[in-house]
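Contents: one structure, followed by commentary.
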Amino acid sequence: MSLKFPHSEVIGLDIVPPILQDENIPDNCRFEIDDCNLSFTHWVNTFDLIHVRSVDTGIHDFPTFLFNMAQIMKPGAILIVSAGLPRFIDENGQPYQDMNEGETGFSWLQKSFTAVYTEYLKATSPFNHVDDVAGTSWATWEHWAESNPNFEQVTTWDMDIQIGTWKPAASEEIHYAHELCQSNVLRLMESYVPLMASSAVSDEWTKRWHVEAVNEIREQKLHSYLRWRWMWCRRRDREWIPKD
Numbered sequence: 013m014s015l016k017f018p019h020s021e022v023i024g025l026d027i028v029p030p031i032l033q034d035e036n037i038p039d040n041c042r043f044e045i046d047d048c049n050l051s052f053t054h055w056v057n058t059f060d061l062i063h064v065r066s067v068d069t070g071i072h073d074f075p076t077f078l079f080n081m082a083q084i085m086k087p088g089a090i091l092i093v094s095a096g097l098p099r100f101i102d103e104n105g106q107p108y109q110d111m112n113e114g115e116t117g118f119s120w121l122q123k124s125f126t127a128v129y130t131e132y133l134k135a136t137s138p139f140n141h142v143d144d145v146a147g148t149s150w151a152t153w154e155h156w157a158e159s160n161p162n163f164e165q166v167t168t169w170d171m172d173i174q175i176g177t178w179k180p181a182a183s184e185e186i187h188y189a190h191e192l193c194q195s196n197v198l199r200l201m202e203s204y205v206p207l208m209a210s211s212a213v214s215d216e217w218t219k220r221w222h223v224e225a226v227n228e229i230r231e232q233k234l235h236s237y238l239r240w241r242w243m244w245c246r247r248r249d250r251e252w253i254p255k256d
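Residue numbers (the numbering used here): 13 to 256.
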């Protein structure tokens with residue numbers, strides 16, 4: 013972003029330090045460590061654009077988070093939110109169902125992801141509320157943004173990204189995106205192992221689903237997509253209104 017728009021000032025924010033080499037960081041870019049569940053009063057009325065990507069599962073109260081984002085945006089600024097959904101899509105555009113081994117349409121990838129997602133919701137249960145379930149906020153982004161008096165022009169859409177290169181791409185850039193998607197899903201599978209190790213699921217089953225799911229991805233046995241959800245909205249041209 014900072015390279016494409018050299019006239020801008022870009023701030024990257026994460027809860028952990030980024031793994032970067034200083035010589036690769038442009039002069040108009042810097043990184044800060046912070047928790048998105050806290051307020052950002054030191055940045056009131058600062059940003060022209062905020063891009064929130066793949067962090068909704070770590071946000072405890074998404075409606076409040078949206079109010080906090082509006083507070084640090086300039087009037088007329090744009091907010092973009094995106095996240096991968098916990099459901100893989102087959103080559104016909106239909107979601108894989110959570111089936112048992114041996115059933116037609118069974119996928120180790122979806123089976124393992126469903127198990128991981130279930131354990132994640134258990135782990136985040138202290139933050140779950142009736143209308144604000146941690147880890148499922150993507151389902152109601154549009155409702156919360158439209159209910160927020162600080163936003164207008166709320167738009168939501170889904171995009172399916174091919175996992176791997178099993179189908180030719182229209183360009184080298186899209187081909188590279190498919191390779192990145194495959195690589196990222198593999199990394200996700202590795203990161204889920206510690207979560208499952210602390211669950212009630214047996215180590216034997218965990219090891220098996222991990223091996224089988226990774227093989228499905230690497231060998232491209234499944235012609236599948238990862239569905240991403242996007243939302244953008246505009247900060248209204250008026251004073252910020254706090255949450256009641």
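C-beta atoms are modelled at their ideal positions from N, C-alpha and C, and glycine is treated no differently.
In this text, all values refer to a predicted model and were calculated from it rather than measured experimentally.
Cutoff 7 Å; reference residue i; Cβ partners in own chain excluding five residues on either side
i	result
residue 143	Caution is warranted here: a pLDDT of 40 is assigned to residue 143, below 50, making its placement in the model unreliable, and the coordinate value is therefore given only provisionally. Around residue 143: no qualifying Cβ.
residue 13	22
residue 138	Its pLDDT being 47, under 50, residue 138 is placed unreliably by the model, and the measurement read from it follows with that caveat. Correct list: empty, nothing qualifies.
residue 181	187, 190
Neighbourhood of residue i by C-beta, 6 Å cutoff - its chain only, sequence neighbours within 5 removed
i	result
residue 43	24, 30
residue 226	201
residue 228	120, 121, 234
residue 163	157, 245
residue 253	161, 162
residue 10	Shown here, the chain extends from 13 to 256; a query on residue 10 therefore has no answer.
residue 26	none
residue 96	238, 240
residue 55	84
residue 126	110
For residue i, the nearest candidate out of the options (CA to CA)
i	options	result
residue 58	72, 189, 64, 82	82
residue 240	13, 184, 105, 169	169
residue 199	222, 256, 209, 179	222
residue 238	39, 208, 193	193
residue 195	126, 183, 175	175
residue 62	20, 251, 35	20
residue 37	16, 89, 80	16
residue 130	247, 45, 95, 204	204
residue 65	125, 94, 49, 172	94
residue 172	113, 104, 165, 211	104
Which of helix, strand or coil DSSP assigns to residue i
i	result
residue 238	strand
residue 140	Caution applies to residue 140, whose pLDDT of 46 falls short of 50 and renders its modelled position unreliable; the model cannot decide the point.
residue 54	helix
residue 243	strand
residue 145	Confidence in residue 145 is poor, its pLDDT being 39 and thus under 50, which makes the residue's placement too unreliable to answer from.
residue 26	strand
residue 72	coil
residue 250	coil
residue 60	strand
residue 255	coil
Enclosing alpha helix (DSSP H) for residue i [first to last residue]
i	result
residue 184	184-209
residue 217	215-230
residue 155	153-159
Endpoints, beta strand (DSSP E) assigned at residue i
i	result
residue 171	163-174
residue 86	85-102
residue 44	41-45
Whole-Å CB distance - residue i paired with residue j, under 8 Å assumed
i	j	result
residue 77	residue 84	Not quite, the Cβ-Cβ distance comes to about 11 Å (not below 8 Å), so this is no contact.
residue 18	residue 249	So it is not a contact: roughly 28 Å between Cβ atoms.
residue 268	residue 79	Limits of the chain in this structure are 13 at one end and 256 at the other, which puts residue 268 out of reach.
residue 106	residue 178	That pair is no contact at about 17 Å.
residue 110	residue 123	7 Å
residue 207	residue 128	6 Å
residue 152	residue 243	That pair is no contact at about 10 Å.
residue 91	residue 247	7 Å
Cut-off 8 Å between Cβ atoms - residues of its own chain near residue i, not counting five sequence neighbours on either side
i	result
residue 215	209
residue 47	27
Short CB-CB distance (under 7 Å) between residue i and chain D
i	result
residue 102	The question asks about chain D, but that chain is absent: this structure has only one protein chain.
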